[in-house]
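Going down the list, the sequences are from chains U and V. If you want the numbering used here, it's the 1-based position in the first sequence plus 1. If you want the numbering used here, it's the 1-based position in the second sequence plus 26. Think of the CB as a built atom: it goes at the ideal place given N, C-alpha and C, for glycine as much as any other residue. Below you'll find the structure, written out as structure tokens, and then a few comments.
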Amino acid sequence: MISARAFIDDLREYPWVNLLAGLLPARFQPKTAQIVPSASIAGNALTVVIAIMSFLACLTAGAVYMVNQSARAWVNDIASEITIELDPVNTADIEKKMTLVSLFLAKQSGITRVKPLTAEDSAKLLEPWLGRSDALSALPIPRLIAVEIDRSNPPDIETISAALSQSFEGVTLDDHRRWRAEIRTLTRSAALGGLAVLGLVAAATIAVIVSATRSAMASNREIIEVLHFVGANERFISREFERHFLGLGVRAALVGAVGAMLVFLLLPVIMHLLGGDGGTSVTEMSRLVGSGELDFPGYLLCVLVVFVVASLCVITSRLGVIRVLKSYA
Amino acid sequence: MIRFENVGLRYGTGPEILRDVTFHVLPGSFHFLTGPSGAGKTSLLRLLFMSIRPSRGLIHVFGENALALTPAGRAELRRRIGIVFQDFRLLDHLTTWENVALPLRVMGKKESEYREDVTDLLRWVGLGDRVDAYPEILSGGEKQRAAIARAVIGRPELLLADEPTGNVDPLIADRLLRLFVELNRLGTSVIIATHDYALMDQLDAPRLVLYEGHLDLR
């Protein structure tokens, strides 16, 4: 196995110009023939497989990033709000109680805004689950008061909650702690799932490159022997192979990444089409992944995937070549 | 430069092809290696070139124990040796010029440094008009000359040639022998494996004769 120091030393003295020339398609490459011909390296099939892997990796990374961003915004949003719930059962004048509780809350320090929701507003919140129906008005739906808090000077939630319970019967305070914990669990699960998918994609890419390297080495055995006879060392021979794999990896990864970026660009349209006339599914999807648009750092993540895939191609092919050369020795 | 001591070689569990081979090659020397077909000339050249390991004995190449070399060390020593194979070993996808330039490319030299040298050498071995030709359209003799040009282009300290004049007419054979002699005058040690007595008779050089696995110096 090549040592890390040798690998870094080798990178320093790398013939980068030749290597970068390897990125170009064969017809644009320098006239001096390549010692290992491009045609002898597994071509189209390998390119398609790596492009698909890159596409999947970009989609996964982008989706996880998007869910993460959306969840963070959501958590931030609900962390600056608390909700007061008034039980309508056994309350003679619920509107009066709403006013009293609102006035009580408005007097507390650290509260910037108190917004009592009307009975219609409360019923509307249930529409995604129960549908639009006049029967809702007959139900004892709890009344809600949305309270915005000053995050730089937050109120003592425990004290307010205790005071509300003491002063008003059937009034509870929800600081959304349970929701936030659930969202965090959800985003962590999504991130772990994404990492698992990325790991599988990386493993599949490595397996494909190892197989392609072995096959390329076998079909170029004669060239390798001649290179040995004229004094080429393992590094020289591995470079001749890995420049092909780098070129192939970058080209394929770019195709996959561009495909994934197009999907992200079209995602809002796709979501709209899936959701028909902007019904529940669009609303729910938007809650999960935001607007469905990837921001600039999200696209940078796709570019990073291209680098990672190309690096995987180079490192795997190099280690594969050196391993096969050792077995020849 | 080269030292063989009690070297024996057998392939697998077969009989010993070389037995107790002991000889020294001094810098600037010229040797013919001869013997009947199947006597082990090619195997001895392969031992000299470190492409196979002996079953027993010691081999020192340029003062290094050839049996204890790392792959990188072996590659380093091989750059100081030029070899001409009986089957030429030219790369079919490279032109004659590119094949001949291969050792210099491996050494990391820039093309601008050796462009003229390679063209001049090809002209000298009579392949001036075959510079851009691919090996598959070269005749046996032309391939032989291209292989020789590839072996000598890097000015090796030791040149090993396996039947280098086997596929060429007497005129070209004579010219190639003069190339080897010229290289030898410039300091390259030369070992030519051949059973062409006419060729050996042209030069007063010691002969390493292989017979039934044993080596005699005559």
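Looking at residue j and residue i, is the spacing between their C-beta atoms short of 7 Å?
{"i": "V157(V)", "j": "F56(V)", "result": "no"}
{"i": "S103(U)", "j": "I150(U)", "result": "no"}
{"i": "G34(V)", "j": "G83(V)", "result": "yes"}
{"i": "L60(U)", "j": "A261(U)", "result": "yes"}
{"i": "A94(V)", "j": "G232(U)", "result": "no"}
{"i": "S220(U)", "j": "S41(U)", "result": "yes"}
{"i": "A34(U)", "j": "E124(V)", "result": "yes"}
{"i": "A92(V)", "j": "L236(V)", "result": "no"}
{"i": "I112(U)", "j": "V148(U)", "result": "yes"}
{"i": "F88(V)", "j": "L71(V)", "result": "no"}
{"i": "A231(V)", "j": "N234(U)", "result": "no"}
{"i": "E294(U)", "j": "P269(U)", "result": "yes"}
{"i": "L153(V)", "j": "T121(V)", "result": "no"}
If you compare alpha carbons, which of the options is closest to residue i?
{"i": "C314(U)", "options": "F297(U), L249(U), L228(U)", "result": "L249(U)"}
{"i": "L335(U)", "options": "D78(U), T173(U), A120(U)", "result": "Any question about residue 335(U) goes unanswered here, given that chain U covers just 2 to 330."}
{"i": "L209(V)", "options": "D200(V), I198(V), V178(V)", "result": "V178(V)"}
{"i": "F111(V)", "options": "P41(V), R176(V), P232(V), E238(V)", "result": "R176(V)"}
{"i": "D227(V)", "options": "R106(V), L52(V), L203(V), E42(V)", "result": "L203(V)"}
{"i": "E189(V)", "options": "R233(V), L117(V), T68(V)", "result": "T68(V)"}
{"i": "T84(U)", "options": "K98(U), V306(U), L118(U), A52(U)", "result": "L118(U)"}
{"i": "V202(U)", "options": "G194(U), H245(U), I36(U), A58(U)", "result": "A58(U)"}
{"i": "V227(U)", "options": "Y160(V), G108(V), L153(V), E238(V)", "result": "G108(V)"}
{"i": "R178(U)", "options": "E159(U), A163(U), E294(U), R114(U)", "result": "E159(U)"}
{"i": "V132(V)", "options": "D155(V), R106(V), G152(V), G154(V)", "result": "R106(V)"}
{"i": "K98(U)", "options": "P38(U), D157(U), L165(U)", "result": "L165(U)"}
{"i": "T214(V)", "options": "P182(V), D195(V), G166(V)", "result": "P182(V)"}
{"i": "E238(V)", "options": "R211(V), P97(V), V47(V)", "result": "V47(V)"}
{"i": "R218(V)", "options": "W150(V), L186(V), R29(V), S165(V)", "result": "With the sequence shown as reference, residue 218(V) is identified as Ile, and Arg is not the correct amino acid for it. Comparing Cα positions, the closest option is L186(V)."}
Can you list, in chain order, the residues of its chain whose CB lies under 7 Å from that of residue i, leaving out five sequence neighbours each side?
{"i": "T48(U)", "result": "L249, R252, A253"}
{"i": "E162(V)", "result": "D118"}
{"i": "A199(V)", "result": "T191, L225"}
{"i": "R36(V)", "result": "E42, I43, S81"}
{"i": "S1(U)", "result": "An answer regarding residue 1(U) cannot be provided, because it is not within the stretch 2 to 330 covered by chain U."}
{"i": "I79(U)", "result": "H177, W180, R181"}
Near residue i, which residues of its chain fall below 8 Å by C-beta distance, leaving aside the five closest residues on each side in sequence?
{"i": "V126(V)", "result": "V144, L147, L148, A172, A175, R176, I179"}
{"i": "V304(U)", "result": "A258"}
{"i": "S239(U)", "result": "S318, R319, V322, I323, L326"}
{"i": "S123(U)", "result": "I142, P143, R144, L145"}
{"i": "A52(U)", "result": "A253, A254, V256, G257, G260"}
{"i": "Q109(U)", "result": "P156, I161"}
{"i": "L52(V)", "result": "M27, S215"}
Going by other Cβ atoms of all chains shown within 10 Å of its Cβ, with 16 needed for buried, is residue i buried or exposed?
{"i": "I161(U)", "result": "buried"}
{"i": "L44(V)", "result": "buried"}
{"i": "R152(U)", "result": "exposed"}
{"i": "I146(U)", "result": "buried"}
{"i": "Y140(V)", "result": "buried"}
{"i": "N32(V)", "result": "exposed"}
{"i": "G195(U)", "result": "buried"}
{"i": "E243(U)", "result": "buried"}
{"i": "R236(U)", "result": "buried"}
{"i": "K6(V)", "result": "Given that chain V is displayed from residue 27 to residue 244, the structure contains no residue 6(V) and the question cannot be resolved."}
{"i": "P129(V)", "result": "buried"}
{"i": "A182(U)", "result": "exposed"}
{"i": "G63(U)", "result": "buried"}
{"i": "A72(U)", "result": "buried"}
Looking at residue i and the ligand NAP, is the gap between the Cβ and the nearest heavy atom below 6 Å?
{"i": "R244(V)", "result": "The model depicted lacks the ligand NAP and carries no ligand whatsoever."}
Please list, in chain order, all residues of the same chain as residue i whose beta carbon is under 6 Å from its beta carbon, the five residues on each side excluded.
{"i": "A192(U)", "result": "V65"}
{"i": "R233(V)", "result": "F58, T60, R244"}
Problem - Cβ contact check for the segment 81-89 of chain U and the segment 129-137 of chain U: 3 or more pairs under 8 Å - result: no
Exercise for the section: Examine the Cβ distances between the segment 56-72 of chain V and the segment 310-323 of chain U and report whether three or more of them are shorter than 8 Å. Expected result: no
Practice task
Evaluate the contact criterion for the segment 185-196 of chain U versus the segment 117-129 of chain U: three or more CB pairs, one atom per stretch, below 8 Å.
Solution key: no
Practice task
Could you tell me whether the segment 66-76 of chain U touches the segment 295-303 of chain U, where touching means 3 or more Cβ pairs closer than 8 Å?
Solution key: yes
Practice task
Take every Cβ of the segment 113-120 of chain V, pair it with every Cβ of the segment 206-220 of chain U, and state whether three or more of those distances are shorter than 8 Å.
Solution key: no
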